[in-house]
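Data block below; observations after.
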Amino acid sequence: MYDEWVEKIVITKLHYTELDAEQKEALGSYCDDEASYQVLRNILLLSSEFNPPKAPHGVKNNLDVIFAESFHSPPPRVIVLSKRIVIPILAAAASFGLFLVIKGFLFPSVETPVVIAKTTPKPKKNYPRIEKQPSVAPTKKEASKKDVFVPQANSLRSIKPEEFKSDQGPTYLDSDASFITESSQNDQEAVGTYAWTASEEIIQDKINEDIKDEVAPRADDRVSALQTPSPARAVKSSMAKTKGEQVNRKMNYDTQEMLKVIKPLY
Amino acid sequence: MRISAIKYQEFSDEKLMVSLQQGEKGAFDEIYRRYADRLYGYFFKMLWYNEIRAQDLTQDLFTKVITKHHYYDASRSFKTWIFSVAANMCKNEFKRNEIRKNTKTGIDHLYYVSSDANLEKVIHEKQFKDALLGALDEMDEKHREVFMLKHMDGLSIKEISEIMEIQEGTVKSRLFYAIKRLANQLKVFENV
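If you read the sequences in order, they're chains A and B. Be aware that the first sequence starts at 0, since it is given in numbering that gives the first Met the number 0, and climbs by one per residue. Be aware that the second sequence starts at 0, since it is given in numbering that gives the first Met the number 0, and climbs by one per residue.
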């Protein structure tokens with residue numbers, strides 16, 4: 000078995016006679032005399048004195064190129080080749096862009112409606128316009144032209160407006176305003192509006208009483224009808240009832256229209 | 000340039016390799032300076048003194064160092080790694096059987112020429128070296144390689160075991176066998 004101490008012995012000891020017994024025993028498998036010891040010395044020492052030729056410089060130059068290609072940017076030659084590819088692509092892109100611009104000038108109608116549609120503002124909501132009421136009260140001639148005055152013409156004539164006017168005039172305070180609900184005015188469209196004049200209420204009550212007197216059946220008739228429940232009478236009473244309700248509705252509507260006209264007077 | 004060269008000269012092989020992995024050209028130049036001649040000589044001797052083939056394999060080996068540097072493990076000895084790569088390249092060459100023994104050419108390049116040495120001694124050494132190289136060429140590859148790595152390239156037994164991926168005891172036994180065989184073949188020089 001070879002070991003590295005063999006070399007140390009061979010280097011330090013020039014002759015076999017210089018070896019001690021232990022060293023001779025260790026080298027026994029290689030040599031046993033001076034001649035064989037010198038052969039062993041030459042084998043181990045001269046073998047390290049070989050002078051192999053040096054690596055040629057061409058190898059280093061080739062490796063420098065390989066290193067540059069591996070770790071650094073490619074040489075300028077490659078850049079020139081890439082420009083040859085890039086320039087036609089850029090030219091094609093520029094011509095396409097020019098084509099789009101020219102097309103936009105020549106055929107503007109294709110795209111302009113879209114632009115206009117995008118830029119037009121949104122239409123405003125058409126809220127119902129509030130008509131201004133006339134500051135001057137209509138004349139009798141103008142008022143008579145309207146149909147709403149026709150059924151109540153007699154009643155209005157019988158009422159003198161001066162009777163309902165107080166000395167201080169009408170109050171326009173919120174506390175005096177009566178809130179018109181749906182229950183009180185069935186056919187009235189404007190629900191929740193204020194009637195600002197107390198005199199209007201009085202006029203309306205007056206008109207309602209007149210209508211009741213003229214159209215509605217009397218209470219003793221109703222009682223007698225209840226007491227004698229014949230079918231013909233019941234039908235007649237129900238027809239009269241429905242007819243009375245219809246008339247009441249119409250009268251209420253007319254009253255509302257009339258109040259609209261009368262209101263500016265106060 | 001000179002400052003960077005001095006700096007890399009102080010680096011260990013492993014540190015140089017780490018620098019090379021980061022693309023530092025100076026590190027590669029220093030590695031080449033340290034190992035190019037040794038590896039070229041190793042290929043030259045192992046491939047029966049074929050200069051062209053030794054040159055090709057040296058360039059291939061350093062190309063691997065550049066392009067496949069990520070295969071190198073920094074925890075491992077660089078000398079062991081690069082010699083193991085060289086040994087594997089030689090084995091591939093042996094398998095291809097493309098190399099033919101050419102003991103006659105190239106042997107003359109392997110000697111030191113000392114002008115002031117004793118002429119008789121120089122002639123004697125030259126004859127002995129010729130015989131030694133001849134005996135090595137006749138030796139089988141595994142014993143020859145171990146002997147060359149140990150006594151020509153100056154590697155330790157541990158390094159040889161790592162390069163050839165064999166046990167240290169196997170290296171020692173192969174060395175013993177190689178030296179014993181050389182001593183027997185060169186017995187004719189005992190009387191010179």
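Heads up, the beta-carbon is just placed ideally off N, CA and C, and yes, glycines get one too.
Among the residues of the segment 62 to 81 of chain B, those with a Cβ less than 8 Å away from any Cβ of chain A are T62, I65, T66, in the order of the chain. Taking the C-beta atoms as reference points, B:F82 is found no nearer than 9 Å to B:Y48.
The segment 25 to 34 of chain B makes no contact with the segment 34 to 43 of chain A, as fewer than three CB pairs between them are under 8 Å. Non-local beta-carbon contacts of B:E144 in its own chain, meaning distances under 8 Å to residues more than five positions away in sequence, involve M45, A86, C89, M163 in chain order. Listed along the chain, the chain B residues whose CB falls inside 7 Å of the CB of A:I42 are L131, I178, L181, A182, L185.
Taking B:L181 as reference, the option from B:I165, B:N91, B:S160, B:D136 with the minimal CA-CA separation is B:D136.
Separation of B:K6 and A:M0 (C-alpha to C-alpha, rounded to the nearest whole angstrom) is 43 Å. Nearest Cα to B:Q20 within the set B:A53, B:E50, B:A73: B:A73. Using a Cβ-Cβ distance cut-off of 8 Å, the segment 126 to 142 of chain B and the segment 169 to 181 of chain B are in contact, since at least three pairs of beta carbons, one from each stretch, lie closer than that value. When only Cα atoms are considered, A:I84 and A:L97 end up about 21 Å apart. About 32 Å separates the beta carbons of A:S69 and B:M151, which is beyond the 8 Å limit, so they are not a contact pair. About 6 Å separates the CB atoms of A:V38 and B:F188; that is less than 8 Å, so the two are in contact. Only A54, P55, V58, K59, N61, L62, I65 from the segment 54 to 65 of chain A bring a Cβ to less than 7 Å from some Cβ of chain B. In the structure shown, B:Q20 adopts helical secondary structure according to DSSP, grouped into three states. Cβ-Cβ distances below 8 Å link A:T16 to E33 in the same chain, with the five nearest sequence neighbours on each side left out; the list follows chain order. In the three-state DSSP reduction, A:C30 falls in the coil class, being neither helix nor strand. Residue-level contact check: A:A34 touches chain B, since one or more beta carbons of chain B fall below 9 Å from its beta carbon. In the displayed model, A:P51 falls within coil according to three-state DSSP, outside both helix and strand. By the beta-carbon neighbour count (other beta carbons within 10 angstroms, threshold 16), A:Y29 is buried. Here B:K149 is buried. Its C-beta has 16 or more other C-beta atoms within 10 Å.
Here B:N49 carries a coil assignment [DSSP, helix/strand/coil].
Here A:A54 really is in contact with B:Y39; their C-beta atoms are around 4 Å apart, less than 8 Å. Counting every other CB atom within 10 Å of its CB across the protein chains shown gives B:L154 a total of 16 or more, marking it as buried. B:R173 is the residue among B:R173, B:I122, B:G168 whose C-alpha sits nearest the C-alpha of B:M147. Counting only residues of its own chain and dropping the five nearest sequence neighbours on each side, B:E119 has no CB closer than 6 Å to any other CB.
Taking the C-beta atoms as reference points, B:D12 is found nearer than 9 Å to B:K78. The beta carbons of A:S35 and B:K186 sit closer together than 9 Å. Against B:D36, the close residues of chain A are P51, K53, A54, in the order they occur along the chain (beta-carbon pairs closer than 8 Å).
Chain order gives the chain A residues near B:K24 as F66, where near means a beta carbon separation below 7 Å.
Under the Cβ distance rule, B:L174 counts among the residues neighbouring chain A, one pair being separated by less than 9 Å. An exposed status is given to A:W4, since fewer than 16 other beta-carbon atoms sit within 10 Å of its beta-carbon. Identification of chain A residues near B:I156 by a Cβ-Cβ cut-off of 7 Å yields E3, ordered along the chain. In the three-state scheme derived from DSSP, where H, G and I count as helix and E and B as strand, B:R143 is classed as helix.
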